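J.: Residue numbers (full-length UniProt numbering), protein chains in the order written: chain U, 1 to 189; chain B, 1 to 145.
Sharing a structure with you now.
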């Protein structure tokens, strides 16, 4: 699928139901593999698939950011507000086909919420009673965290509201922690 | 006009890839030392350039040239650094270096789950695609230098 060159601008179409169901299968399998919801949430956040044992984990965000930079002409952001806009208007649009709204800025401007009117990941989902603490879409947190880490931003990402748990909207809360400074590798003589 | 060599570094200073085409004189040190020297120079020149800049910079360090060669530099926000040495006749190469990143590095390395990020690239496919990409450039060997 990705074996073609010169395809930087055309965005591939993929059946969104297939994607949603595949994601569902993943979560279901994780629920079978791990005892409690907490652990499943953690795994979704990390997405350390054991599919490729030799590759020391397969972190989607860390790779997705490279694809994002290659496809979009977005450069480095000047502040966190610009980052929020790019995430909502460019990144979510590109990968999930939705544009969440950016709201609830903290006074210091280091924390905001992404409000998702609809979440394509949960199209066919209903949480059973025995998984009341499962954060079904926790994958998104890991992707955002991994991607931003690669552009030298440490952030905290969590679900504040989730339609699956009876809230009206899905809200992802993002908090800026610090800039990761680039260091010269040490010990080189 | 011609192209001498090309380096790709990751954000930690690991040399992910090196290849050369028309390089007649070697540095006289081991390749590992050469990579370290190159990365150290890039690191210093980047911070120097941004400290000296009278205005906020957009792209920062782009290229330098000597009497014999020109060094082109491209960096992504994720810290992937691509360095290409050419002779003096070659014009601005930013677009070409960006293309190497977006159509070759991202396509063949990042999207290949078997390629471990942050280690020297082992992909034959990437190497051969990069080689043919460079050889197909209009200024590769216009007049054998």
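Glycine included, each C-beta is placed from N, C-alpha and C at the ideal position.
The structure presented is a predicted model; accordingly, all values stated were derived computationally and were not measured.
#1: Under 9 Å between beta-carbons, which chain U residues line up against residue 79 of chain B? List them in chain order, please.
#2: Starting from residue 92 of chain U, trace the alpha helix (DSSP H) in both directions and tell me its first and last residue.
#3: Is residue 100 of chain B helix, strand or coil when you go by DSSP?
#4: Give the interface partners of residue 140 of chain U over in chain B, defined as CB-CB distance under 9 Å, in chain order.
#5: Which word fits residue 148 of chain B, buried or exposed, when buried means at least 16 other C-beta atoms lie within 10 angstroms of its C-beta?
#6: Between residue 117 of chain B and residue 70 of chain B, what straight-line distance do the alpha-carbon atoms span, to the nearest angstrom?
#7: Pick out the complete alpha helix (DSSP H) segments inside the region 55-88 of chain U, 4 residues or longer, and give them in chain order.
#8: Does the CB of residue 85 of chain U have a neighbour CB from chain B at under 8 Å?
#9: Give me the Cα-Cα distance between residue 178 of chain U and residue 12 of chain B, rounded to the nearest whole angstrom.
#10: Tell me the DSSP bridge mates of residue 25 of chain U?
#11: For residue 42 of chain B, which option in B:67, B:28, B:58 and B:15 has the closest C-alpha, if you only look at C-alpha atoms?
#12: Got a sec: is the Cβ-Cβ distance from residue 69 of chain U to anything in chain B below 8 Å?
#13: Report all residues from its chain with a CB closer than 6 Å to the CB of residue 133 of chain U; omit the five preceding and five following residues, and keep chain order.
#14: Hey, could you find the ends of the alpha helix (DSSP H) residue 43 of chain U is sitting in?
#15: Let me know the secondary structure DSSP gives residue 36 of chain B once reduced to three states.
T.: Let's see:
#1: Taking the first residue of the second chain as 1, we reach residue 79 of chain B at position 79. Here the neighbours are 150, 151, 152 and 182.
#2: In the first chain, the residue the question calls residue 92 of chain U occupies position 92. Here the alpha helix (DSSP H) through residue 92 of chain U covers 92-96.
#3: Here the question's residue 100 of chain B lines up with position 100 in the second chain. Correct three-state label for residue 100 of chain B: helix.
#4: Along the first chain, read from residue 1 onward, the residue named residue 140 of chain U stands at position 140. None at all; the shortest Cβ gap to chain B is about 20 Å.
#5: Nothing can be reported for residue 148 of chain B: it is not among the residues displayed for chain B, which extend from 1 to 145.
#6: Indexing the second chain from 1 puts residue 117 of chain B at position 117. Indexing the second chain from 1 puts residue 70 of chain B at position 70. Cα to Cα, the separation comes out at about 29 Å.
#7: 60-71 and 80-85
#8: For the purposes of this step, residue 85 of chain U is identified with residue 85 of the first chain, where counting begins at 1. Not closer than 8 Å to any Cβ of chain B, the Cβ of residue 85 of chain U fails to qualify, so no.
#9: On the first chain, position 178 is the one that residue 178 of chain U refers to. On the second chain, position 12 is the one that residue 12 of chain B refers to. Cα-Cα distance, rounded: 19 Å.
#10: On the first chain, residue 25 of chain U is found 25 positions in, with the first residue counted as 1. The partner list for residue 25 of chain U (beta bridge, DSSP) is empty, contrary to what the question assumes.
#11: The residue you call residue 42 of chain B lines up with position 42 of the second chain. The shortest C-alpha separation from residue 42 of chain B is found at B:15.
#12: As a working mapping, residue 69 of chain U is identified with position 69 in the first chain. By this cut-off, residue 69 of chain U is an interface position.
#13: Reading the first chain from its first residue, position 133 is the one you call residue 133 of chain U. Excluding positions up to five away in sequence, the list reads 37.
#14: Stepping through the first chain from its first residue, residue 43 of chain U is reached at position 43. Note, residue 43 of chain U: alpha helix (DSSP H), 37-46.
#15: Here residue 36 of chain B corresponds to residue number 36 of the second chain, with the count starting at 1. Secondary structure at residue 36 of chain B: helix, using DSSP grouped into helix, strand and coil.
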